[in-house]
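The sequence shown begins at -19 in my numbering and counts up by one. By construction, the Cβ of each residue, glycine as well, lies at the ideal position given by its N, Cα and C atoms. Written below as structure tokens is the structure these notes are about.
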Amino acid sequence: MQAMSDYENEDACWSALEGFRVKLISAIDPARVTPYLRQCNVLSPDDEEQVLSDPNLVTRKRKVGVLLDILQRTGHKGYVAFLESLELYYPQLYRKVTGKEPTRVFSVIIDASGESGLTQLLMSEVMKLQRKVQELTALLGSRDDLAEELRVKDSLLRKLQERVQRLKEACEAGSRELQRCKDENYDLALRLARQSEERDAALTGHRGLLLEIDRLKHSLMRAEDDCRVERKHTLKLRHAMELRPSQELLWELQQEKALLQARVQGLEASVQEGKADPGRPHVQVPEEDWQRVQRDLQQQAATIFSLRKDLRQAEALRTRSAEEKETLELQCLALRRDSKMYKDRIEAILQQMEEVAIERDQATLMREELHAQHARSLQDKDALRKQVRELSEKVDELQLQLFQREGQLLAVEGKLRRRQLDALILSSDLEDSSPRNSQEFLPPQDLEDTQLSDKGEDTRHLSRRNLTKASSWWQVGSCLDLQHTRCMMLVPGDARPSPGPMTFMPHFKDGHIGAQKDEQPPESGQDPPLSLGPRLGQLPLGPGMLRGGAPALWSRERGSGHCPGAASQEVGTDREGGTAPGDRSGGFRWRRRDHSACLDTGRGVAPGG
């Protein structure tokens, strides 16, 4: 998938380049770009031979077309190398194709205009860098002011953040306290619910016990009633047994019963015999007597039967009445007991209701007291919060005033430091600008005025940011892709004027700027011309190039004309080539200085001094 995306990107790049194929073919010289493409390993020797020496490719446009086709087969690497060659040799065409400004122009200048074009380019680049340094100095001043404002705002923001943090901590503490109160309230609610459940369980058990007591009371009353009924039955049986006839009477009654039965049987037998033997004579009983006797007997039997019936009915009625009486007595007793039990229960319920009403009144009073206490605590808390808010606002206002005063104080201190630095620089320049020294080293008066006007700003710029690389030699070294950015300083051995001109011809060795043995000090009022070696020739730099955008690094080793705290190193000899290092009797010595310490202490070489 990644290979497919790379392939699509390559196709998109070459498709975008195909839109400019006509311009490329009409403007590019293949003999000019093929060496660079060969160096980038996107063209083989055979491809170069084919493009440059193929007899079939007569015109230049055909050669360029074949070259583009060969590069298209190399993919993204060929595309990048081709754009680099356009950037080096055809910057205008590169600008049209990519819409970007070319950044590599030295090979074009050397190839087209030679070393003189490179010299002009370096001079123009130095001037551009000087203007850029001036712009950056102004921008740096505005950035310093903005930094002060941001520092004040940052302090305010920090204080506000601290206040917010305190409020957050207070809020967290309040939240923890609220959570603790909620937990306590929850625990109390759980305990109250548990106690309520226990109370309900106790009340339920109490009611169950009361019901069990009532049931036992009813069972006891029923048992007493049954016992009473049984006792009455026992008394009745005893009374009946007492009223029962004696054994003699029963014996007489049984005998009488037996006699009567015998008579009845005799009579029945006689009657049967009379029916069986009609011819037998029988006693003649008068009919009237017989009927009268029968009527008497029937009446007596009916009377006996009715009496017995009435007796049985009376006994049954008496028994039923006695049973009903006993039942009513039992019901009356049960009702009395029930009424007494209900009366006791009602009294207990009323007593419980009175106790509940008392507890309710106490709870209501306690709740009202708690509500009043809570309202008072809320009022006190609101008042305290209001006081804290007012005090916090006062503290913020005082802190804001303090920060404003600190900002003003810092601004005044910065102005004072800049003025002191300007005074030190001017005093150093006045000490160095003696008549003899002015004939030897100082530039013309019109340039001196311009340099003195730019001196303080550049020094403040460098001292604030410690820009140790913002010198003229660094600018030249950056154009020549140097890695080390130390500056060369010409320090005369004494204050006597030199009889002859001196040229400053540094050479480049191991990435450092050195000095040759036949170097001479610069003439009076001139800056030394810069020699870039035998290949590039000498590059005369005017006074403005060394003084306009960055500090010139010439000083004399006397008094306060140099920075005693700056690290220095001797790298050459005097103009005669025979003076030993450290001898100040008649020659000039070359020293390489790191002028950042001079700028930091305010005693170093002044810009352009």
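Considering Cα atoms alone, identify which of the options is closest to residue i.
i           : options            : result
residue 124 : 407, 391, 406, 399 : 391
residue 201 : 282, 139, 302, 309 : 309
residue 11  : 248, 231, 150, 39  : 39
residue 6   : 17, 43, 305        : 43
residue 129 : 402, 387, 393      : 387
residue 592 : 9, 334, 302        : With the chain represented from -19 up to 589, any question about residue 592 goes unanswered, as that position is not in the structure.
residue 369 : 132, 1, 146        : 146
residue 212 : 299, 243, 160      : 299
residue 385 : 23, 2, 318, 135    : 135
residue 295 : 220, 231, 282      : 220
residue 372 : 329, 103, 141      : 141
residue 376 : 340, 143, 214      : 143
residue 2   : 393, 157, 41, 14   : 41
Where does residue i fall in DSSP's three states?
i           : result
residue 21  : coil
residue 273 : helix
residue 44  : helix
residue 184 : helix
residue 70  : coil
residue 80  : coil
residue 55  : coil
residue 36  : coil
residue -11 : helix
residue 504 : For residue 504, the pLDDT reaches just 42, beneath the cut-off of 50, and the residue's location in the model is therefore unreliable, although a value from the coordinates is still provided. Residue state, collapsed to three classes: coil.
residue -4  : helix
What residue range does the alpha helix (DSSP H) around residue i cover?
i         : result
residue 5 : 1 to 7
How many whole angstroms separate the CB atoms of residue i and residue j, which I take to be in contact at a CB cut-off of 8 Å?
i           : j           : result
residue 367 : residue 139 : So it is not a contact: roughly 20 Å between Cβ atoms.
residue 68  : residue 78  : Actually they are not in contact, since the Cβ atoms of residue 68 and residue 78 sit about 13 Å apart, beyond 8 Å.
residue 37  : residue 46  : 6 Å
residue 17  : residue 65  : 6 Å
residue 621 : residue 306 : A question about residue 621 goes unanswered here, because the residues of the chain that appear run from -19 up to 589.
residue 34  : residue 50  : The Cβ separation is near 12 Å, so there is no contact.
residue -6  : residue 52  : 5 Å
residue 48  : residue 4   : 7 Å
residue 0   : residue 76  : 7 Å
residue 321 : residue 194 : 6 Å
So, is the C-beta of residue i closer than 9 Å to a C-beta in chain B?
i           : result
residue 209 : Protein chains in the displayed structure number just one, and chain B is not present.
Taking 8 Å as the line, does the beta carbon of residue i fall inside it for any heavy atom of the ligand SAM?
i          : result
residue 46 : By its list of ligands, the structure shown contains no ligand whatsoever, and the ligand SAM lies outside what it can speak to.
Sufficient close CB pairs (3 or more, under 8 Å) joining the segment 102 to 110 to the segment 351 to 366: no
Between the segment -12 to 3 and the segment 48 to 67, do at least 3 Cβ pairs fall closer than 8 Å? yes
For the segment 309 to 326 against the segment 191 to 210, are there 3 or more C-beta pairs whose distance is under 8 Å? yes
Is there contact between the segment 382 to 400 and the segment 146 to 159, where contact requires at least three CB pairs shorter than 8 Å? no
Decide yes or no for the touch test of the segment 162 to 175 against the segment 274 to 291: beta carbon pairs closer than 8 Å, at least 3 of them. no
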